[in-house]
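Residue numbers (the numbering used here), protein chains in the order written: chain A, 1 to 337; chain B, 1001 to 1337; chain C, 2001 to 2337; chain D, 3001 to 3337.
There are 4 protein chains.
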Amino acid sequence: MIIVMKNGCTKEQVDHVIAAVEEKGLGTNLSVGHESTVIGVLGDKTRLSVENLERMDGVDRCVPITHSYKLASREMVPEGRRVKVGDVEFGGEKLVMIAGPCAVESEAQIMQAAEGVKKAGAQILRGGAYKPRTSPYAFQGLEDEGYRLLRKAADAYGLLCVSEVVDHADLEVAGQYCDMIQVGARNMQNFRLLRAIGKTGIPVLLKNGIASTVEEWLDAAEYILSEGNPNVVLCERGIRTFETATRNTLDVSAVPVVKENSSLPVIVDPSHAAGKRSLVQPLALAGVAAGADGLIVEVHPDPQNAKSDAAQQLTLAEYEQFTKAVSAVAAAVGRTV
Amino acid sequence: MIIVMKNGCTKEQVDHVIAAVEEKGLGTNLSVGHESTVIGVLGDKTRLSVENLERMDGVDRCVPITHSYKLASREMVPEGRRVKVGDVEFGGEKLVMIAGPCAVESEAQIMQAAEGVKKAGAQILRGGAYKPRTSPYAFQGLEDEGYRLLRKAADAYGLLCVSEVVDHADLEVAGQYCDMIQVGARNMQNFRLLRAIGKTGIPVLLKNGIASTVEEWLDAAEYILSEGNPNVVLCERGIRTFETATRNTLDVSAVPVVKENSSLPVIVDPSHAAGKRSLVQPLALAGVAAGADGLIVEVHPDPQNAKSDAAQQLTLAEYEQFTKAVSAVAAAVGRTV
Amino acid sequence: MIIVMKNGCTKEQVDHVIAAVEEKGLGTNLSVGHESTVIGVLGDKTRLSVENLERMDGVDRCVPITHSYKLASREMVPEGRRVKVGDVEFGGEKLVMIAGPCAVESEAQIMQAAEGVKKAGAQILRGGAYKPRTSPYAFQGLEDEGYRLLRKAADAYGLLCVSEVVDHADLEVAGQYCDMIQVGARNMQNFRLLRAIGKTGIPVLLKNGIASTVEEWLDAAEYILSEGNPNVVLCERGIRTFETATRNTLDVSAVPVVKENSSLPVIVDPSHAAGKRSLVQPLALAGVAAGADGLIVEVHPDPQNAKSDAAQQLTLAEYEQFTKAVSAVAAAVGRTV
Amino acid sequence: MIIVMKNGCTKEQVDHVIAAVEEKGLGTNLSVGHESTVIGVLGDKTRLSVENLERMDGVDRCVPITHSYKLASREMVPEGRRVKVGDVEFGGEKLVMIAGPCAVESEAQIMQAAEGVKKAGAQILRGGAYKPRTSPYAFQGLEDEGYRLLRKAADAYGLLCVSEVVDHADLEVAGQYCDMIQVGARNMQNFRLLRAIGKTGIPVLLKNGIASTVEEWLDAAEYILSEGNPNVVLCERGIRTFETATRNTLDVSAVPVVKENSSLPVIVDPSHAAGKRSLVQPLALAGVAAGADGLIVEVHPDPQNAKSDAAQQLTLAEYEQFTKAVSAVAAAVGRTV
């Protein structure tokens, strides 16, 4: 950490700050320049709080030099982590394709979806059981019954399955039925949930919050990793910006930024970013071209009558065409589907 | 709701959409203009999903006309709701002053804080027991013991108290100790928590999410109201923008916007918006001038050694001066402290 | 346009609004629903101002249904426009590759750059003559001499050239030397400049403003088109968001959104969006995968010693490798380089 | 400036960076910590480019410690600058009140506006002559005739006047008619215009760009100051965020942030931030409470029939009431109107 002193600070103030740092068993390095005085802190910065230092007389601000996440960092596993879910592996040459409806609505619906996405080449079936909805008056999902039907459909067609958990209290049930659990954008900083997942070994798909920086996203992953669960796959699903032409703005740069800073695999969710069917394929292709390790896409046997997110769900036929387009781009960047 | 048809849609497509709407028992109103064809939907729009309609051939988009929240709306209680917490009332002429440390750190600390803020005129003592922190390696609060100490300090000095609940599982304990519970920015869309609070009658301070629109904020309040708890006080605490000079951007406009659209009282949290002590007072005064019904401010007997948020906490002496400045502005807009 | 009346508006207010609309020679369509009263306006909405209507008693708000741009719209040229610059065509199967240094710094530098990018397959040489810089103390470009050297280098290696114009007063000189002129992000709403360019027939590369919506971007294009110059190519160069890991956030969705709403070709500038060399290629590939009609990339013979934007400029060797990667993805989406 | 080396950088890389810095005549300070190696740069940083250093092997990133603006900084004039326009002074105890229509539409209109705002206590009359409009089909102002009528109206009622200049070519004419010129949000980084204004001594009202940081805003002011014109008054007019309830988000924090970092006076424009009449007063009061040195407000004798921005313009009667409310809040913070 670097402590930047105020222009015109006194020698006494500098000495006082140095003393405060050294009292914590840390080293210091004083640099007095023409325009600014800066104190470098040497040692384990977790012993110091930026904010407490910023209270001290003569201190202008502190500049952190290292990330707060450690286990999630690239340095920790320079070759990159791979996360296995059943016989599927995230982070290898082969992209992982996850598809299925926004919500599990009925046995017939999820069965039909499973059959279709399997045929198109997906390996993991998605389907929401607990749906976080902006309005209390909107469809909230089939809850535990949703998990059960999802499992049944996945088994019927030789697929793995993933579904969202919105609360640590549901984790046990979800873990019985799902091969992988999803933490949605609204829960990226639900630290109780993250810790609880960290105490299991279950693979987790961690979406970014719509207003979270990549740094905060990796800090959230660190919550899970630091509890002992290394099976974290990140999922970029769009951020909130001023643009209104799309529901959210897919931050495709997040893919290479994650790859540079973290060892975790990262996939892309073009459906939620776009909010509109016609944009799903271009955004998916962009994600793969930028280096994503897989895609999660909303596909419904009858989107017209879907109970949620109808506008962005692909039909089974569209998904089949979609996977062909993805294959071509994957091959162009040295990956397979 | 208004259904805007695509330029060049066919008569058949229009008929098909009208039939779909009328099948749900709703009326329609067709308007064929030079540049656009628009279908107005008459009746209870909750029977229809925007997204399903947007899937139909020939439909460009749907434009909602009414809000999704009802109970939280201004129309429902045109004169404005008042929320009582003990003998304190939010929404009346008198501003409610909430103050105390970011986190309860020890009995001595919270006792000293309580004494100081009481002396300066605050009515409600704040103090975090469960602290949601970006990094897993940061101080996470005293948990239940924090609630207990907060209550003890409040009682010792004749104050009410408020503390954050980060999970529905903690609600019962929190309810035993606190007069009001706070839902923080990260949990504004933790719908499980909102529903659980809605089932109690406990007064709640609902902060906005850092990337939530006012509309979504009122939808979150609706979750609580629709479960039967009308005691919701909103709290503007800043939004995330591109600006880096402040930790968040206080959206002071949200105060009059809430007043126009909702019946709920709204207070301002200048401490979290600013992230910096020197900005707390100007932002607090701005909030009061814009019509806020109260203020929640972080005050610590020894900010220099605070375990969290040190940079933005006022000293007890600063808070005393602060309340005088607030009083003057309150009087200028016809309010009292 | 749709006029949404306030809840509880009177019949007189409705009649008054209808009269105001009809007075302008426009038709109306009244729709009285359970929860809302809406008046549709039929005819040429440019005769009416949204804001004036919003002043009328009983009016809640107006909702525009059609875009304000016409000539730039997809409807105007459903098959898409193609823009020719010399023998190069934007909007066809073949991607247009533009490359060169951030700024023209010397004859030797631009000559070397031209030789390198030509060899790698670029068709158009870029190089800034007038550089808009955030600080007045930063290098501001060689000005007119920059245009001259750029032309010389382009001619020497059989390339076309493009350079930014920051002011209408420079347009004549720029037009003498450049085959295409660029309007940068900061000038996207410099309407005087846009109009002046519109009065020439010179091809123009119009970057989006960092905080402009796609709608406003197309409105800016409309300024040029409406003056008689149809040779507009759009260039997505990133938008400003809260994320700090990249200089700007490449809004890759803007590519398909532009394709749906506008007839104009659109290319991507990964260099300015990323602000960092290692991200340039992933973002470029993402742009091509999403459907971009070309790429503009900063390439410098000696980035280490560049006078501006050093961090994001590719070396000539890197650019050669880069074009191969682009070719592969282009082929995967049915395009050529 | 601080140069942060990459984790695992070699000693050779460090030596190479140090040599590069020292070659420019600057000093260095090496700090080797447990987790990071940092090189402090001592001396005039303008001799070095952050981006060039970031290209060097082993360098992770550079962290600027000082601002790029100097003349606009607080340090330069710790007691704050005062800017005189005629007999009116910005930056003193007395707030400066600027009011008038969005655009000058006719002699009758501007005369009536001048009479009304003078009566309510305004000192400076505003009125747009050149109007930057998003769409080419919207009213673009009376141009030079607008300046002339504004002057005439100001003179008739003993007011000063301010109007926007959108291009350096209009500066001479504007300077003949106006006491103060305004640089609008869209031109905050029109550096040609800023430099041209800097070469005159005319007082200038510099609005922030809707996506500009305070740092960039002060850099823009520096362009004017560095050319020799110290008469710069800043004007906060809202920033672009994800919120759609207001046209822009008034960043009221910018007022105290500017006061801390800069010596320049700063006023608030609540009209453009709000975009809606009912929000103008709460935002104006918030601005004054936060420490603004004045207000610029849109007032029209007949807003209903205004040619632009009708929705946000106050009537003359509303403005009279408005100034009373402002007076009360001004007094509460030790200012006068």
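The beta carbon of each residue, even a glycine, is placed where N, CA and C say it ideally should be.
Remember, predicted model here, so these are calculated numbers, not experimental data.
Residue state for Arg3277(D) is assigned as helix, using DSSP reduced to three classes. The stretch 2093 to 2106 of chain C makes contact with the stretch 2289 to 2301 of chain C, as at least three CB pairs between them are under 8 Å. Interface with chain B (8 Å Cβ-Cβ cutoff): Asp3167(D) is excluded. The criterion of a C-beta distance shorter than 8 Å is not satisfied by Cys1178(B) and Asp1309(B). Taking all protein chains shown into account, Gln281(A) has 16 or more neighbouring C-beta atoms within 10 Å of its C-beta and is therefore buried.
DSSP places Arg2126(C) within a strand segment (E or B) once states are collapsed to three. At the C-beta level, Leu2218(C) and Ala2019(C) stay beyond 8 Å of one another. Look at the beta carbons and you see the stretch 3312 to 3319 of chain D not touching the stretch 1316 to 1334 of chain B: under three pairs across the two are nearer than 8 Å.
Within the same chain, Asn1261, Ser1262, Ser1263 come within 6 Å of Arg1074(B) by CB-CB distance, once the 5 residues on both sides are set aside. Interface with chain C (8 Å Cβ-Cβ cutoff): Glu1035(B) is included. Residue state for Asn3029(D) is assigned as strand, using DSSP reduced to three classes.
Interface annotation, Pro64(A): not in contact with chain C, CB-CB separation never under 8 Å. Less than 8 Å divides the Cβ of Val257(A) from the Cβ of Val214(A). Phe1242(B) is bridged by DSSP to nothing; it lacks a bridge partner. Of Thr1336(B), Gly1291(B), Gly1040(B), Ile1210(B), the smallest CA-CA separation from Thr241(A) is found for Ile1210(B). Where Phe1322(B) is concerned, the enclosing alpha helix (DSSP H) starts and stops at 1316 to 1332. Contact check for Pro1064(B) and Val1050(B): beta-carbon distance about 7 Å, within the 8 Å limit, so the pair qualifies.
By the neighbour-count definition (other C-beta atoms within 10 Å, threshold 16), Ser2212(C) is a buried residue.
Interface residue (Cβ-Cβ distance to chain A less than 8 Å): Tyr1157(B) is not classified as such.
Glu2260(C) reaches chain A at Ser278, counting residues in chain order whose Cβ is nearer than 7 Å. The three-state reading of DSSP puts Phe3139(D) in coil, since its state is none of H, G, I, E or B. Asp3057(D) sits exposed, since fewer than 16 C-beta atoms from the chains shown fall within 10 Å of its C-beta. Contact between the stretch 2179 to 2188 of chain C and the stretch 2141 to 2150 of chain C is not established, with fewer than three Cβ pairs separated by less than 8 Å.
In summary, the residues of the stretch 1186 to 1197 of chain B whose CB is separated from some CB of chain A by less than 7 Å are Arg1186, Gln1189, Asn1190, Phe1191, Arg1192, in the order they occur in the chain. Asp219(A) carries a helical assignment under DSSP once its states are collapsed to helix, strand and coil.
In this structure, the beta-carbon distance from Val2166(C) to Arg3192(D) falls below 8 Å. With fewer than 16 other Cβ atoms from the protein chains shown falling within 10 Å of its own Cβ, Ser1106(B) counts as exposed. By the neighbour-count criterion, in which 16 or more other beta carbons inside 10 Å mark a residue as buried, Pro2078(C) falls on the exposed side. In this structure Met76(A) is exposed. Its beta-carbon is surrounded by fewer than 16 other beta-carbon atoms within 10 angstroms.
The way I'd put it, the stretch 3194 to 3205 of chain D does touch the stretch 3219 to 3228 of chain D; three or more beta-carbon pairs between them come closer than 8 Å. Take Val3021(D), set aside five residues on each side of it, and the residues of its chain with a beta-carbon closer than 6 Å to its own are Thr3028, Val3041, in chain order.
For Cys2062(C), the beta-bridge partners assigned by DSSP are Ile2003(C). Rounded to whole angstroms, the Cβ separation of Thr2323(C) and Glu2093(C) is 17 Å, and the two are not in contact under 8 Å. By the CB criterion at 8 Å, Ile3110(D) and Ala3153(D) fall inside the cutoff. The three-state reading of DSSP puts Ile2202(C) in coil, since its state is none of H, G, I, E or B. Here Val3165(D) carries a coil assignment [DSSP, helix/strand/coil].
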